[in-house]
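Asker:
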Amino acid sequence: MTLLAASKVSLSFAGVRALVNIDLQIEEGELLGIIGPNGSGKSTLFNVLSGIYRVDQGTIVFRGERIERFGIAQIVRRGIARTFQNKRLFGTMSVLENVEVAAMKGVQGSALGDVFGLNSSLQARKKAGAIAERCLVLTGLADSTGLLARDLPYGAQNRLEIARALALEPTLLLLDEPAAGLNPSERAELQELIRRVHAEGLTIALVEHDVRMVTGLCARAIVLDHGEKIADGASAMVVRNPRVQAAYFGEVESEEEAHAA
Amino acid sequence: MKMRKLIGAITVAGSVAMAVSAQAQDIKLGVVAGMSGPGTSYGIGIRQGAEMAVREINAAGGIKGRKISLVVVDDASNPAQSVTAMQRLVNDQVDLVVGGWGSSQVLANMEVAERAGLPYIVVGATNPKITTEKNKWTFRVIFTDSVQAEQIADAAVRRLGMKRIAVIHDANDYGVGNRDIFVASLKKIGLDPVAVVPYQSADKDFTAQLSRIREANPDGLAIFGTIPAAPAIMNQARDLGIKARFIGTGGLANENLMTLAPKASEGTVLTTYFHEDVDPQARAWADRYVKEFSGGSQPPRPVLAAWEYRAVKFIAVPCIESSGTDKEKLRQCIGRWKGTLFSVPGDAYFDKTGQLVQQSVLVEVGKGAFQAFKGK
Amino acid sequence: MAALHQRWWFWAATLAALLALPALAPQYVVHIANFILIYTLPVVGLGFLTGFTGRVSLAQGALFGVGAYTTALLTTKLGWAPVATLVPSVLMTIVLAVSLGGAAVRLAGLYFVMATIGIQQIVWLVLMNWIELTNGPQGVRSIPAVGLGEYSLETPQQFYFLALVAAGISYFLAKRVIGSRLGLFLRALSDDQLAASSVAVEVGRAKVTALALSAAWAGAGGFLYAHYVRFIHPDMFGLEPSVLFLVMSMFGGYRSIEGMIVATALLESATEYLRPFGEFRMIAYGMILLLGMMFFPMGILTLVRRRAGAPAAGKD
Amino acid sequence: MFDQLFIGGLATGCVYAVVGLGFTLVYRTLRMVNFAQGHVFMAGAFLGLVIAERVHLPALPLLFVVGAVAFALGMVLERLVFRRLYHNHEVFIVGSIGLGIVLMNGVRVFFPEPVPFPKVFGSEVVQIGAARFQEGYLWVVLSTLVLVVLLHAMFTYTRTGRALRAVAADAEIAATVGVDVKRAIALTFGLSFAVAAIAGVLIGPLYFVSFDMGDMVGLKAFSAAVFGGINSIPGTILGGLVIGVLENLAGGYISSAYKDLVAFVILLVMLIWRPTGLLGRETPVKV
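Chains as they are written, first to last, in the working numbering: chain A, 1 to 261; chain B, 1 to 376; chain C, 1 to 316; chain D, 1 to 287.
Right, here's the structure in full:
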């Protein structure tokens, strides 16, 4: 069954076309890879799906509901969670608190009720704590809960991003270049983590620069170039597509671009 | 621990303040006024008047052998700090307070004096509400807005023959208080002001207000405000071609008026709190005062200094001499006081609200100085 | 050291010192202590905004004034009992803050500062000029003291206990706010607003709630102030106290309620220490602000904490 | 009456505009608001007063000298003071408020009372239509015009001007193309001090100079900058003129009690309606 369907999605910034007539289906339970060279629109696509950008044209339907006009928080509440490529953690908060914030989504009650109600505050934190705990264990961060997020090693920050997104208990998880900047062993760990999360039944879309990682993890992949979808199909087949080869390997990857927003 | 340290620090500071002024035999005279902030020049005048009086009395042997020690507290011309300042005088166990500048500050700090049962002679605030029968510990020596505004209204019509009077006033308590009484007094005489416009104390450009006044074509313009707004209004009024003669009350009674509006202020008629040419004693005192205090960071400002000086020397000191420092007796003595003061024509006495009843002084600006008014 | 404030004897000693103060210290010191206790309310309230949403407000002095004027006018003009006006004062302050600043608080940080300057000036000008309602520059006089049954809190010593209880309640409620999900949300959005909304934090609502809470604290502080000083004037609620409250909340160090309270105590008593400076007092005050920000941008108290070995929470 | 109010407002508006430019210049470069700006304006007036009393300079050289001294002062203060406040905007705000308090009360020690300013721009009264005003008003308006043209020329045609613009647009990119960003920031402060000080000298002879003259003007100029667009130079000029004229008209026709309210209501409404101001442009957020 189709979980999310985007059709004819277009977006441009000051005349520059960032997304051009994108059609995209994400099936329930799948792990979809999204690849493409730098500046091809991968992150922009995620920003549109998560409500950070509003589309100029096109529709996005998630579980039977039009969401293309929704705000960020509304979309999260519908069940789409995401991570950020350039790590957007709450730096001055502890690892546990980072995940707790997200876990609060699933906890009843209002902010003011917490303050003036007698025990609900403690209970809300407790409930959220339990959810957070589970996500931290899953991502292997259970030992560093007390650290400030900004004091975590880089690789662990990556996993914290994922833990935080998981605490939202989403239906669809968007992972934005989670492997960027990781060394090979961290990469392997990450791959294992994604597989485990996927095995629990979560639908995942993975934007990734590393083609091998995508072919290793994802059955299906789409390829973007200059804001257009140029291929869609079995990941092993897609990467062999000559258009993809040209778009993808025709240019030199520089370290700087890989980190650019 | 942080908190304990802090309390320690505060306590130490408090006791130091106590120790400095703790000489049991001395009579303690409290002075509160704004010696920083907008009232600086008036507050310093008040302090100087007190210093001068106290120095003279102590040089002459004090009061029955007891010296007077001054406790001067700056209230930064700020009502909130004024409360703290008065609290500090209460805490330092002063025997009475003579001072206070600015109606807002005095209205705020007199509540503290009233609650503490401390005699307070107000020198530099004119709001009528300061002296009421309810406030039994508060006295005032300078005239209220009501007396001044009434007198100038009367003088404007009867002595200056004005027919079309416009009013421009500061929106603060001084200006509003004056305006209300002035307009009411005019009405009693049978005249309505042709325009009444307020401004804010901090305003610099008055063309908007003055344009409205010019439309009304007045022959007299009452300005109820203080320096620097008042001279700015005069200058700009002349620039705009308003030819009306200016009148005003004590807010204009400041030598800076002539410095800041040398041409425009000529001919202004106003009530004032003090003028050195009323009698020879006043002249002698003023000369002594100017000599003693010129060369400081502030130019000598005799008006309020004279009131502080006279209130201390001629009212407070004789009362302490006759009634001692018991606060209730002191209060009653001040309330009964009747006598003469230099620069005040005739006798002066306190009415039952604690207001000193007296004749005021009318002056005119001429040749860059205040001259005794010689009109009809 | 780091756990000092978690030991019972620390609290017991602090409490004992605070309770004994009016009996041991001279009245003048009690008077200053009362101002400190009163000011902790608007300062801690402001902390919800500055520390926890990264939003600087220069309108806290005005909101403090709204609380003070509400109770002053209700008691003097309508004859209400002071105690009965606490809730209306707080509500009035919240309503005004949210109606004037509710839209602005959603703006990016610097734009919010700009808006609060407008709010500050507007409130002050209205207090000054709406004479029929507020008495304008005459101020409001003869505000009754708070009475508890037969007992009326007139002297600084009597008032002290009310101020202490109020500051205590404010402290514990503030701790609760910060420990609650709202505190978590506010810290999250001050670290990264976009990330906060992508984890389902209703950013706008959280900010308006923070504004409302900070106004509530200011309103309650204003209530106390009016019944302690018993005379209020628009100039007591101009830009100057707004700057002072802001500085108090920033000098205490980022996100530390205890720090804000200590900073309030230090800065308010500094006004007294600086009194001997006379004409130079304001220069000294300006220098404290300037040098404090130049050399301890995360708050003067972070210095103490850093030396104590506890991690100083700060924003990069 | 309209003529009088309009021309009076225009002159005041010019002052708001020029002082407001100081806010704009600094904001564009650093995304910070310098709350000492109004007091720099005040200090400039006193600087002009001290120079004019000692050396009898004609109007133009006086403006130039004051501008140059203020420029140097701005650069020095940037190096000694402002540079340590770039931590975040809260720190900068409180620090600059502190600096303003120091400036104001420092001047107060020497000039506790308002002082008349020598009539360097003449003291004739000019009549245009039904409006009468001092010659100085013309100077204010003309000098503002000249100042704006000069600034525009500098930003458009000189290398330094282009460098400043580049830093204002994006300091990181500017640095990568070889612009000395630190120097550009120092120059920005120099310029912002210079324009404010010149405004101080222009207004001095019209009113008096007093240590607190920068308080309200600073806040109004700030409102003007935000209203017109705090990152836009033309916007700030427009904002200043509109606020100056509107508040004078409101003071004349409605109530002078609420004259000061005009600027702040405009500020608040503008921020809610369009935080970037009339002519300002939004900088896109990066994700």
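A virtual CB, placed ideally from N, CA and C, is assigned to each residue, including glycine.
1) Is the CB of L168 of chain A under 8 angstroms away from at least one CB in chain C?
2) Where do the N-terminal and C-terminal ends of the alpha helix (DSSP H) with V90 of chain B fall, by residue?
3) Three Cβ pairs or more, each shorter than 8 angstroms: is that satisfied between the stretch 312 to 331 of chain B and the stretch 47 to 55 of chain B?
4) For D205 of chain B, name the three-state secondary structure that DSSP assigns.
5) Using a Cβ-Cβ cutoff of less than 6 angstroms, which residues in the same chain neighbour R141 of chain C once the five nearest sequence positions on both sides are dropped?
6) Please check the pair A205 of chain A and L32 of chain A, which I expect to be a contact at CB under 8 angstroms, by giving their CB distance rounded to whole angstroms.
7) What do you reckon, are the CB atoms on L86 of chain C and A218 of chain C nearer than 8 angstroms?
8) What residues in the stretch 250 to 262 of chain D bring their beta carbon closer than 9 angstroms to a beta carbon of chain B?
9) Is the stretch 156 to 173 of chain B close to the stretch 233 to 249 of chain B, with three or more CB pairs under 8 angstroms?
10) Could you confirm whether any beta carbon from chain B is found closer than 8 angstroms to the beta carbon of Y285 of chain C?
11) Rounded to the nearest angstrom, what separates G147 of chain C and T138 of chain B at their Cα positions?
12) So what does DSSP say about D170 of chain B, is it helix, strand or coil?
13) In chain D, which residues lie with their C-beta within 8 angstroms of the C-beta of G122 of chain C?
14) So the candidates are B:L270, B:D351, B:I334 and B:A369; which of them puts its Cα closest to the Cα of V361 of chain B?
15) Between Y174 of chain B and chain D, is any beta-carbon pair separated by less than 8 angstroms?
16) Kindly give me the distance between the Cβ atoms of V48 of chain A and G227 of chain A, rounded to whole angstroms, as I take these residues to be in contact under 8 angstroms.
17) Can you list, in chain order, the residues of its chain whose CB lies under 6 angstroms from that of Y42 of chain B, leaving out five sequence neighbours each side?
18) Please state the DSSP three-state secondary structure of L238 of chain D.
19) In the DSSP output, which residue or residues are listed as bridge partners for P116 of chain D?
20) When DSSP labels each residue in this structure, what does I52 of chain A get in the three-state scheme?
21) Rank B:V32, B:D74, B:K64 and B:F143 by C-alpha distance to the C-alpha of P318 of chain B and give the top, closest one.
22) Report yes if the CB atom of G34 of chain B is closer than 8 angstroms to the CB atom of D74 of chain B, and no otherwise.
23) Could you pull out every residue in the same chain whose Cβ sits closer than 6 angstroms to the Cβ of S249 of chain C, ignoring the five residues on either side in sequence?
24) Compare the beta carbon distance of F193 of chain D and F82 of chain D with 8 angstroms and say whether it is the shorter of the two.
25) Note down, in chain order, every chain C residue with its Cβ under 8 angstroms from the Cβ of Q87 of chain B.
26) Of all the CB atoms in chain B, is at least one closer than 8 angstroms to the CB of P144 of chain C?
27) Can you tell me where the alpha helix (DSSP H) holding V102 of chain D begins and where it ends?
28) As a quick exercise: from B:V357, B:A369 and B:K374, pick the residue whose alpha carbon is nearest that of T144 of chain B.
29) For the stretch 182 to 208 of chain B, enumerate the residues whose C-beta is nearer than 9 angstroms to any C-beta of chain D, in chain order.
30) Please name the residues in the stretch 213 to 242 of chain B whose beta-carbon is closer than 9 angstroms to at least one beta-carbon of chain D, in chain order.
31) Taking three-plus beta-carbon pairs below 8 angstroms as touching, is the stretch 21 to 30 of chain C in contact with the stretch 206 to 221 of chain C?
32) Between the Cα of E65 of chain A and the Cα atoms of A:A103, A:K87, A:T2 and A:G41, which residue gives the shortest distance?
33) Measure the CB-CB distance between L174 of chain A and R159 of chain A and report whether it falls below 8 angstroms.
34) Measuring CB atoms only, is the stretch 171 to 189 of chain D touching the stretch 6 to 20 of chain D, in the sense that at least three cross pairs come out at less than 8 angstroms?
35) Name the two residues that bound the continuous alpha helix (DSSP H) containing Q371 of chain B.
36) Taking the alpha carbon of V97 of chain B as the point to measure from, which residue in B:A116, B:P231, B:G241 and B:V278 has its own alpha carbon closest?
Answerer: Based on what the coordinates show:
1) Walking along the first sequence from the start, residue 168 of chain A turns up at place 168. It does: the Cβ of L168 of chain A has a partner Cβ on chain C nearer than 8 angstroms.
2) Residue numbering aside, residue 90 of chain B sits at position 90 when the second sequence is read from its first letter. Taken as a continuous stretch (DSSP letters only), the alpha helix (DSSP H) holding V90 of chain B covers P79 to N91.
3) A contact exists between the stretch 312 to 331 of chain B and the stretch 47 to 55 of chain B.
4) Position 205 of the second sequence holds residue 205 of chain B. D205 of chain B falls in the coil class under three-state DSSP.
5) By 1-based counting over the third sequence, the position of residue 141 of chain C is 141. Result list for R141 of chain C: F231, in chain order.
6) Here residue 205 of chain A refers to the residue found at position 205 of the first sequence. Here residue 32 of chain A refers to the residue found at position 32 of the first sequence. That pair is a contact at about 5 angstroms.
7) Indexing the third sequence from 1 puts residue 86 of chain C at position 86. Indexing the third sequence from 1 puts residue 218 of chain C at position 218. A distance of 8 angstroms or more separates the beta carbons of L86 of chain C and A218 of chain C.
8) The residues in question are A250, G251, G252, Y253, S255, S256, A257, K259 and D260.
9) Flag = yes, the stretch 156 to 173 of chain B and the stretch 233 to 249 of chain B touch.
10) As a working note, residue 285 of chain C is residue 285 in the third sequence. No, its Cβ sits nowhere closer than 8 angstroms to a Cβ of chain B.
11) For this step, residue 147 of chain C is matched to residue 147 along the third sequence. For this step, residue 138 of chain B is matched to residue 138 along the second sequence. Spanning the two alpha carbons is a distance of roughly 25 angstroms.
12) As a working note, residue 170 of chain B is residue 170 in the second sequence. D170 of chain B: strand per DSSP, three-state reduction.
13) Residue 122 of chain C sits at position 122 when you count from the first residue of the third sequence. In the sequence on display, residue 122 of chain C carries Ile and not Gly. In chain order: L261, F264, V265 and L268.
14) Along the second sequence, read from residue 1 onward, the residue named residue 361 of chain B stands at position 361. For the residues B:L270, B:D351, B:I334 and B:A369, the minimum Cα distance to V361 of chain B belongs to B:L270.
15) The sequence position of residue 174 of chain B within the second sequence is 174, counting from 1. It does not; no Cβ of chain D falls within 8 angstroms.
16) To locate residue 48 of chain A, count along the first sequence from 1; it is residue 48. To locate residue 227 of chain A, count along the first sequence from 1; it is residue 227. Their Cβ separation, rounded to whole angstroms, is 11 angstroms, which puts V48 of chain A and G227 of chain A out of contact at 8 angstroms.
17) Here residue 42 of chain B corresponds to residue number 42 of the second sequence, with the count starting at 1. These residues qualify, in order along the chain: W101, G124 and L304.
18) Along the fourth sequence, one-based indexing puts residue 238 of chain D at 238. If DSSP states are grouped into helix, strand and coil, L238 of chain D belongs with the helices.
19) As a first step, residue 116 of chain D is located in the fourth sequence; it is residue number 116 there, counting from the start. Note: P116 of chain D sits in a beta bridge opposite D:F208.
20) On the first sequence, position 52 is the one that residue 52 of chain A refers to. DSSP places I52 of chain A in coil when its eight states are reduced to three.
21) Numbered from 1 along the second sequence, position 318 holds the residue referred to as residue 318 of chain B. Comparing Cα-Cα distances from P318 of chain B to each of B:V32, B:D74, B:K64 and B:F143, the minimum goes to B:K64.
22) Numbered from its first residue, the second sequence carries residue 34 of chain B at position 34. Numbered from its first residue, the second sequence carries residue 74 of chain B at position 74. Cβ atoms of G34 of chain B and D74 of chain B: closer than 8 angstroms.
23) Locating residue 249 of chain C in the third sequence gives position 249, counting from the first residue. Closer than 6 angstroms at Cβ, skipping near neighbours: V43, L46, G47, T50 and M260.
24) Indexing the fourth sequence from 1 puts residue 193 of chain D at position 193. Indexing the fourth sequence from 1 puts residue 82 of chain D at position 82. Not in contact: F193 of chain D and F82 of chain D (Cβ atoms no closer than 8 angstroms).
25) Within the second sequence, residue 87 of chain B is the residue found at index 87, counting from 1. In chain order: Q27, Y28, H31 and P156.
26) Translated into positions along the third sequence, residue 144 of chain C becomes position 144. No, P144 of chain C lies away from the interface with chain B (no Cβ there is under 8 angstroms from its Cβ).
27) Indexing the fourth sequence from 1 puts residue 102 of chain D at position 102. For V102 of chain D, the enclosing alpha helix (DSSP H) starts and ends at H89 to F110.
28) Your numbering for residue 144 of chain B matches position 144 in the second sequence. Ranking B:V357, B:A369 and B:K374 by Cα distance to T144 of chain B puts B:V357 first.
29) V197, P198, Y199, Q200, A202, D203, K204, D205, F206, T207 and A208
30) R214, E215, I227, P228, P231, A232, N235, Q236, R238, D239, L240 and G241
31) As far as the Cβ criterion goes, the stretch 21 to 30 of chain C does not touch the stretch 206 to 221 of chain C, which means the pair count is below three.
32) Here residue 65 of chain A is taken as the residue at index 65 of the first sequence, counted from 1. Selected option, being the one with the closest Cα: A:T2.
33) Counting from one through the first sequence, the residue named residue 174 of chain A turns up at place 174. Counting from one through the first sequence, the residue named residue 159 of chain A turns up at place 159. In this structure, L174 of chain A keeps its C-beta atom at 8 angstroms or more from the C-beta atom of R159 of chain A.
34) no
35) Locating residue 371 of chain B in the second sequence gives position 371, where the first residue counts as 1. Unbroken run through Q371 of chain B is the beta strand (DSSP E), A369 to A372; no alpha helix (DSSP H).
36) Here the question's residue 97 of chain B lines up with position 97 in the second sequence. Looking at the Cα atoms, B:A116 is the closest of the given residues.
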